[in-house]
Amino acid sequence: MVSASASNVSAILLLFLSIISTSRVAFCGKFYQDFYITWGGDDHSKMLNNGELLTVSLDNVSGSAFESYNQYLYAKIDMQIKLVAGNSAGTVTTFYLSSTGSYHDEIDFEFLGNLSGDPYILHTNVFCQGKGNREQQFYLWFDPTADFHTYSILWNPQNINFLVDGLPIRQFKNLESYGIPFPNYQPMRLYSSLWNADNWATRGGLVKIDWTQSPFTASYKNFNADGCIWSYGTSSCDSNSPNSNANKGAWYWEKLDYSDQGKMAWVQNNYMIYNYCTDTKRFPQGFAPECYLTNLP
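Numbers -28 to -1, 1 to 269, taken from mature numbering (1 follows the signal peptide of the UniProt record, and there is no 0), label the letters of the sequence shown in order.
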């Protein structure tokens, strides 16, 4: 559970660091240039303000979803999202990268809805070659329905980092040298959706969607992607591609430094509510091998 011992000083420091981190993020583009609606149609998904705002909605007829035109093989993705307000129990808003097929790779943000007044659960997961079961879950230190916040995925050959308002909350390192799979070979598109998951999302499915509160709506703005775009079997970051070094940018080599690790530890110590690397009931035969290698550089 969330620690009750976090001091006011730490909270103020975290807010200050969040503001600084957020100010470093640059945004550009129109949603209609980068995404297309895949589910729900125009009555459930809308691109507004000349493409600068995108909304997805859920009612008892349909949910909604969109995906990127581009595929990436490594990227730094930023999206500002304002989640469903009020009684959102049973709903799930997703934001994730994924390849296709039985042995797909996937990097997940999922926001599990709540009863009014209860916190959202931020659910994260990493799939490699079709195998997941790497869940970590967090409460957020702010109300994600009151305003937009930036959710970021940094995926490069060294590691995968999950960030909220520029603060790292989770890292999955490339440990292929230890025989641990890492998503290195399959290009992924960016997906997002809002859908009915009341069979599992809120208290294990005990709380169902209250359809009298529908339509449920989540909003998106300020999408930005710095990445290696995959097209016709070739990455824009390949050494023989034009501007390959420029396409890589600093994000391509980025890892968490000592300061970042301290920020991540603060979040995990105070707001992590589930970690697959400590769930002895679920994994009585032992944890995934990466759980024993978290302190490697």
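Where is the CB? At the ideal position from N, CA and C, for every residue including glycine.
Exercise for the section: Would you tell me roughly how many angstroms separate the C-alpha atoms of Q101 and K18, rounded to the nearest one? Expected result: Residue mapping note: residue 101 aligns to position 129 of the sequence shown, counting from 1. Residue mapping note: residue 18 aligns to position 46 of the sequence shown, counting from 1. For Q101 and K18, the distance between alpha carbons rounds to 33 Å.
### Message
Suppose the cutoff is 8 Å on Cβ atoms and the five residues either side in sequence are ignored; what does the same chain contact list for Y8 look like?
### Response
Start at 1 with the first residue of the sequence shown, and residue 8 comes out as number 36. So the qualifying residues of the chain are F38, E39 and Y41.
- Message: Pop quiz: V33 and L139 are said to be a contact at Cβ under 8 Å. What is the actual Cβ separation, rounded to whole angstroms?
- Response: In the sequence shown, residue 33 corresponds to position 61, counting from 1. In the sequence shown, residue 139 corresponds to position 167, counting from 1. Wrong, their Cβ atoms sit about 37 Å apart, outside the cutoff.
* To do: With W238 as the anchor, note down where its beta strand (DSSP E) starts and where it stops.
  => Within the sequence shown, the letter at position 266 stands for residue 238. That residue, W238, is in no beta strand (DSSP E); its alpha helix (DSSP H) goes Y230 to Y243.
If we require 3 or more residues per run, which beta strand (DSSP E) segments fall completely within the stretch 94 to 175? 108 to 111, 121 to 127, 131 to 136, 139 to 145 and 160 to 168
Practice item. Kindly confirm or deny that the stretch 159 to 173 and the stretch 63 to 81 touch, where touching means at least three C-beta pairs closer than 8 Å. Key: yes
Is T96 buried or exposed, if buried means 16 or more other CB atoms sit within 10 Å of its CB? Your numbering for residue 96 matches position 124 in the sequence shown. Buried, by the Cβ-count rule.
Worksheet entry | DSSP beta-bridge partners of I181 | Position 209 of the sequence shown holds residue 181. The partner list for I181 (beta bridge, DSSP) is empty, contrary to what the question assumes.
- [ ] Please classify E262: is it buried, with 16 or more other beta-carbons within 10 angstroms of its beta-carbon, or exposed?
- [x] One-based indexing of the sequence shown puts residue 262 at position 290. Buried, because 16 or more other Cβ atoms sit within 10 Å of the Cβ of E262.
>> In this structure, how does DSSP classify R(-5) when only helix, strand and coil are distinguished?
In response: For the purposes of this step, residue -5 is taken as residue 24 along the sequence shown, with counting starting at 1. Caution applies to R(-5), whose pLDDT of 35 falls short of 50 and renders its modelled position unreliable; the value that the coordinates give is listed next. Three-state DSSP puts R(-5) in coil, outside helix and strand.
Quick one: what's got a C-beta closer than 7 Å to Y75's C-beta in the same chain, skipping five residues either side?
Walking along the sequence shown from the start, residue 75 turns up at place 103. So the list reads Q101 and G102, once near-sequence residues are dropped.
Look at C209 and N194 and say whether their C-beta atoms are less than 8 Å apart.
-> Locating residue 209 in the sequence shown gives position 237, counting from the first residue. Locating residue 194 in the sequence shown gives position 222, counting from the first residue. Cβ atoms of C209 and N194: not closer than 8 Å.
Worksheet item: Which residue comes first and which comes last in the alpha helix (DSSP H) that contains residue 270?
Response: In the structure as shown, the chain begins at -28 and stops at 269. Residue 270 is therefore absent and cannot be evaluated.
*Identity of the residue in K227, V28 and N212 nearest V64 by Cα*: Taking the sequence shown and counting its residues from 1, one reaches residue 64 at position 92. Checking every option, the nearest Cα to that of V64 belongs to V28.
Requested in this report: At 3 residues or longer, and completely inside the stretch 56 to 91: list those beta strand (DSSP E) runs for me, N to C.
Outcome: 63 to 70 and 78 to 84
Are the C-beta of L30 and some C-beta of chain C separated by less than 8 Å?
Although the question refers to chain C, the structure presented lacks it and comprises just one protein chain.
So, under 8 Å CB-CB, L30 and N168 are touching, yes? Tell me the CB distance rounded to an integer number of Å.
Position 58 of the sequence shown, counted from the first residue, corresponds to residue 30. Position 196 of the sequence shown, counted from the first residue, corresponds to residue 168. Going by Cβ atoms, the distance from L30 to N168 rounds to 6 Å, so yes, they are a contact pair.
**Asked** DSSP beta-bridge partners for N22?
**Response** Counted from its first residue, the sequence shown places residue 22 at position 50. Note: N22 sits in no beta bridge, so no partner.
Beta bridge counterpart(s) of residue 288 as assigned by DSSP:
In this structure the chain extends from -28 to 269, so residue 288 is not present and cannot be described.
Item to complete: Helix, strand or coil for K227, going by three-state DSSP, please let me know.
Response: Working through the sequence shown from its first residue, we reach residue 227 at position 255. Residue state, collapsed to three classes: coil.
Notebook entry, point to check: Are the stretch 134 to 154 and the stretch 248 to 267 in contact at 8 Å, needing three or more beta carbon pairs?
Noted result: yes
Exercise for the section: Identify which residue in Y92, H16 and W223 has its Cα closest to the Cα of S186. Expected result: Residue numbering aside, residue 186 sits at position 214 when the sequence shown is read from its first letter. The shortest Cα separation from S186 among Y92, H16 and W223 belongs to H16.
Contacting residues, own chain, Cβ-Cβ under 6 Å from S191 (five flanking each side not counted): Your numbering for residue 191 matches position 219 in the sequence shown. Closer than 6 Å at the Cβ level, and outside the excluded window around S191, lie T27 and K54.
What does the alpha-carbon distance come out to for the pair Q109 and K2? One-based indexing of the sequence shown puts residue 109 at position 137. One-based indexing of the sequence shown puts residue 2 at position 30. Near 31 Å, if we compare the C-alpha coordinates of K2 and Q109.
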